[in-house]
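All remarks here apply to the structure that follows.
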């Protein structure tokens, strides 16, 4: 056996070894291993303390960023509220500040009460519940020893978690499969309980004790799950289903989300009520004593048990599997199935799973539902966001890697929008024929550049205002059918043609960045030819050259070996490519021009640190509720430069935790016109990732605060592009703690998320200043801290958040708690 | 969510689709993207407030 032990980041802590139900499919009591008979019923103070310390030592020695601890049994609620409080308090105390502790409890639910839920809410313990489907399905196995049904009590427990103040604790449902149950009835009954996640478990079995098959078919467990998968997919995947998510993820080359599938190293450890370490719990199904390791929390560090051969065996990937599995085409998704299911007396675990035919059929079926080639059929591929990045962003921060993941998704979104604009424009009859021809020409150039110069296209797609332009086009194209048949239609049609022609300007900018030979028609907008990300050529008046009122004026942009040539009417300008790409002044009129022209480059604000441009040229930047500033003079630009540089130093010095995200994601400052009453003005938009609009404030410290605040909106907007955090159809209104207005859930979430940072800013200022300035900053810190907590509580108490949204806001709350320590 | 989980997002990933292939995509493929940017899930057009009171 080779390879170093993988740190163990998932700990199952047994807090009670007996159960109040007598389910006949339970691996703890009904399987080969009967070690429970010799265990203490309840975990002792001594075991709790030692276990917490061992976990903390393991986290420290491996610098683990996060660890999950699942309180388990038997039935863990039998331990009672006082014992459970002791457990979670000890764990939080030992691990607080060391890592992100994800605490969970898995219960049969029959004893769950408001008292327990209050305890779990206090200590942020998420609750998973076992239920096998509707009443008939559940009561097939999940009964008391005297035969009574557990169903009503379990439903009552789930009801406690589904509504009201404990909703955010609802982690999901666990269902053990019995093929005697109707799969769709089971699925629908579980979905009706609105779980964030469902786990379907194959009943534990080995080659010595094969699974019961109702119809004696080799693959009836696959057939059962396939029926559910097809319904789940057709219904828009209303809850996460771990088995399906894992197969979909591994089929795309991603990670598995369960030890039952995939080749990821298993990082799970069980600590029993007597403090002994055990391997994965389900090994109890194999043979008596199978999970034992011979070590315990009193004598041994977790590193010792991490090197146990039984644990190492499941960290070897495909190399740890039998020959049959290694040669199987679905091995990367299957991973040989759950370890105990491979067991056969004499051969040990070097066998395929006893569910091998089921796994092969299920994975093949799911694979067949993925597009054979990218883009074929309804896309089921989605952008990825790692759990770690999600949590870091939810805590209000996020590092450069998290922001780069968001930026990549945003570029992908803008790219798809280019395609959507072209597809829609070619299908809408109200687009004039000439506009369509211009669009086709620009599209043709873009598709060539996409093939040959993808990096240059990627740079332009990162421009915040590409999406703003695309959205404007799409909204017009979507409303074109309703245009009235009068002169307004002519006006609307011309506006649409002008906007669509901007695709040529996008293509020209890409060609210039790629230094690729090209010639394309572009619109003249507001008397200027625009090259997005580069700048604009502002044209002087020329009565003879401009078209009749209302007609679209066009120009031609050509890229040759070392220059960009812009022709408008009879006049022509040559822009040297080097200075053009460096943002420097350039552009010379060709002799004989009848029209003046001035090239206005997009200017770079800073020469060191993150590259941020001052965008005062783009024609689609004017969409905030505040007026944009006109092109800045050189003197004004100099003021922006010096203030921004000082603001960046302030961020690095006083607000260091926000610097990585800003450094990676802030690409554009867009100047707003100053408010007449002297207020600070700033804005951000979900449509313009990377950009912050701001009127230059009086000092750099204020600019730093505004940038931090607005970039919170930028980050959250990108997360919302990826993830559904709340129900957009929910029009419930919530009082804003910081003002008089009432907000829908989206507005409240944005406000709370931004104010996480505002609170931090005031706290940092309190520390950085003295006397009255510190007192004032302290007062503001207290006020914004209270507002933020109130908003977070309102969000968590609402019915508007999705399960993912609840996770997000819980992380926000955790962040507030930590900041208050 | 375990430490190693990926969050299941709802934004279709079309990066592997070349631009030239996009017009031939089934409407549903791009529609999934558009639903996210045109529907209610994405209708905060421009946030922004006078933050004199907070910053």
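Chains as they are written, first to last, in our numbering: chain A, 474 to 1294; chain B, 23 to 77.
We put the beta carbon where it would ideally sit given N, CA and C, even for glycine.
- For the 7 Å CB-CB criterion, residue 644 of chain A and residue 600 of chain A form a contact.
- Rounded to whole angstroms, residue 866 of chain A and residue 1092 of chain A show a C-alpha spacing of 32 Å.
- For residue 924 of chain A, the chain B residues whose Cβ falls inside 7 Å of its Cβ are 40, in order along the chain.
- With respect to the 7 Å criterion, residue 529 of chain A and residue 557 of chain A are not classified as neighbours on the basis of their beta carbons.
- Contact of residue 1165 of chain A with chain B is not assigned, every C-beta pair being separated by 7 Å or more.
- Between the C-alpha atoms of residue 698 of chain A and residue 652 of chain A there is a straight-line separation of about 9 Å.
- Pairing residue 1134 of chain A with residue 1185 of chain A gives a Cβ-Cβ distance that is not under 7 Å.
- The beta carbon of residue 1254 of chain A sits no closer than 7 Å to any beta carbon of chain B.
- With respect to residue 825 of chain A, residue 798 of chain A sits close: the two C-beta atoms are nearer than 7 Å.
- For residue 648 of chain A, no chain B residue has a C-beta closer than 8 Å to its own C-beta; the minimum C-beta separation is roughly 19 Å.
- Residues of chain B whose Cβ lies closer than 7 Å to the Cβ of residue 1218 of chain A do not exist; the shortest such Cβ separation is about 11 Å.
- Residue contact check for residue 536 of chain A against chain B: no CB pair falls below 7 Å.
- Closest by C-alpha distance to residue 1146 of chain A, out of A/753, A/1095 and A/1140, is A/1095.
- Counting C-beta pairs with one atom in each stretch, the region 540–547 of chain A and the region 583–592 of chain A have fewer than three that are closer than 8 Å, which means they do not touch.
- When the Cα atoms are used, residue 1070 of chain A and residue 1027 of chain A turn out to be separated by approximately 15 Å.
- Residue range 28–34 is occupied by the beta strand (DSSP E) that includes residue 31 of chain B.
- Within the region 600–646 of chain A, no run of beta strand (DSSP E) reaches 3 residues while sitting entirely inside it.
- Taking 7 Å as the threshold, the shortest C-beta distance from residue 621 of chain A to chain B does not fall below it.
- In the DSSP assignment, residue 571 of chain A falls outside any alpha helix (DSSP H), carrying neither H nor E.
- Leaving aside the five residues that flank residue 567 of chain A on each side, the residues in its chain whose CB is nearer than 8 Å to its CB run, in chain order, 525, 526, 528 and 529.
- Fewer than three pairs of CB atoms, one per stretch, sit closer than 8 Å, so the region 912–924 of chain A makes no contact with the region 1003–1010 of chain A.
- The beta carbon of residue 740 of chain A sits closer than 7 Å to those of 479, 480, 481, 482 and 483, all from its chain and outside the five residues before and after it, given in chain order.
- In the three-state scheme derived from DSSP, where H, G and I count as helix and E and B as strand, residue 1215 of chain A is classed as strand.
- With fewer than 16 other CB atoms across the displayed protein chains lying within 10 angstroms of its CB, residue 990 of chain A is exposed.
- The contact set of residue 920 of chain A on chain B, defined by CB atoms closer than 8 Å, consists of 40, 41 and 42 in chain order.
- Secondary structure of residue 838 of chain A (DSSP, three-state): helix.
- The continuous beta strand (DSSP E) containing residue 766 of chain A extends over residues 765–769.
- From the listed residues A/1275, A/1222, A/1052 and A/801, the smallest Cα separation to residue 640 of chain A is found for A/1275.
- If you look at residue 1029 of chain A, you'll find it in the beta strand (DSSP E) that goes 1027–1032.
- Proximity of residue 896 of chain A to chain B, defined by a Cβ-Cβ separation below 7 Å, is satisfied.
- For residue 1117 of chain A, there is no enclosing beta strand (DSSP E); the enclosing alpha helix (DSSP H) has its first and last residue at 1107–1127.
- For residue 487 of chain A, the secondary structure class from DSSP, reduced to helix, strand or coil, is strand.
- Closest option to residue 1264 of chain A, judged by alpha-carbon separation, among A/1241, A/1289 and A/1243: A/1289.
- Between residue 970 of chain A and residue 918 of chain A, the gap from beta carbon to beta carbon reaches 7 Å or more.
- The beta carbon of residue 829 of chain A does not come within 7 Å of any beta carbon belonging to chain B, so the residue lies off that interface.
- The C-beta separation of residue 1143 of chain A from residue 1120 of chain A comes to about 15 Å, leaving the pair out of contact by the 8 Å criterion.
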